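*Asks:* Supplied in structure tokens, the structure appears directly below.
In the working numbering, the protein residues as written are 1 to 165.
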């Protein structure tokens, strides 16, 4: 299972909202050779770490692609740039954030790509949408399912569903 996280808390031009930005980016994935098989509901989540920036819109998608992990990550990062992402301070507000969370259970530590994503098991804004569509997905390093990881997160990281899929 290949899992991609989607987030936005600033609207990219010409879109009216972070939700519209994230949805438009998701719609571009097939043009990059990335087919979306399933997508969670959209969630509204507070920034992590907590700050006064706008809340994020987040979702998780299960995708299919022939791209190897490094090429997939490169395609996702290029799409972020096309949607106005400018990397600066860590955890800053952004028009688009696309994270490669898991690639068929691959365990890899490299300077540009660590799989599974090193913080996914600590983030409610990842685990809540992931548990929506793949509650039995098992973390490749921790061997715990998404639903269990979500249930055992410490309090905090406010997240709420924005509606149906």
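Glycine is no exception: its CB is placed at the ideal position from the N, C-alpha and C atoms. All figures in this text were calculated on a predicted structure; none of them were measured in a lab.
Could you check whether the region 146 to 162 touches the region 63 to 78, counting it as contact only if at least three pairs of C-beta atoms, one from each stretch, sit closer than 8 Å?
*Replies:* Contact between the region 146 to 162 and the region 63 to 78 is absent, because fewer than three Cβ pairs lie under 8 Å.
*Asks:* Please classify residue 114 as buried or exposed, where buried requires at least 16 neighbouring CB atoms within 10 angstroms.
*Replies:* When all chains shown are included, residue 114 counts as exposed.
*Asks:* Cα separation between residue 104 and residue 12?
*Replies:* Taking the straight line joining both Cα atoms gives about 31 Å.
*Asks:* Write down the C-beta distance between residue 6 and residue 58 rounded to the nearest angstrom, noting that I regard them as a contact closer than 8 Å.
*Replies:* With 8 Å as the limit, residue 6 and residue 58 qualify as a contact, their Cβ atoms being about 7 Å apart.
*Asks:* Under DSSP, the beta strand (DSSP E) around residue 37 begins and ends at which residues?
*Replies:* Taken as a continuous stretch (DSSP letters only), the beta strand (DSSP E) holding residue 37 covers 34 to 39.
*Asks:* From which residue to which residue does the beta strand (DSSP E) around residue 102 run?
*Replies:* 97 to 103 is the span of the beta strand (DSSP E), which, as asked, contains residue 102.
*Asks:* Count the other CB atoms within 10 Å of the CB of residue 17; is the residue buried (16 or more) or exposed (fewer)?
*Replies:* Exposed, because fewer than 16 other Cβ atoms sit within 10 Å of the Cβ of residue 17.
*Asks:* Between the region 71 to 82 and the region 36 to 43, do at least 3 Cβ pairs fall closer than 8 Å?
*Replies:* Because the criterion of three Cβ pairs below 8 Å is not met, the region 71 to 82 and the region 36 to 43 do not touch.
*Asks:* Confirm, please, whether the CB-CB distance from residue 60 to residue 130 is below 9 Å.
*Replies:* Their beta carbons are under 9 Å apart, which means residue 130 touches residue 60 by this criterion.
*Asks:* For the alpha helix (DSSP H) containing residue 120, name the first residue and the last one.
*Replies:* Residue 120 -> no alpha helix (DSSP H), and no H or E assigned at all.
*Asks:* From 43, 109, 19, 27, pick the residue whose C-alpha is nearest to that of residue 126; which is it?
*Replies:* If we check each option's Cα against that of residue 126, 43 comes out closest.
*Asks:* Report the CB separation of residue 9 from residue 49 in whole angstroms; it is logged as a contact under 8 Å.
*Replies:* Not a contact, Cβ separation roughly 14 Å.
*Asks:* Alpha carbon to alpha carbon, how far is residue 102 from residue 108? Give it in angstroms, no decimals.
*Replies:* C-alpha separation (whole angstroms): 10 Å.
*Asks:* Let me know the secondary structure DSSP gives residue 125 once reduced to three states.
*Replies:* Of the three classes helix, strand and coil, the one that applies to residue 125 here is helix, per DSSP.
*Asks:* Look up residue 81 in the DSSP assignment and give the residues it is bridged to.
*Replies:* In DSSP, residue 81 forms no bridge with anything.
*Asks:* On a Cα-Cα basis, can you pick out the residue from 29, 93, 151 that is closest to residue 75?
*Replies:* Out of 29, 93, 151, 29 has the C-alpha closest to the C-alpha of residue 75.
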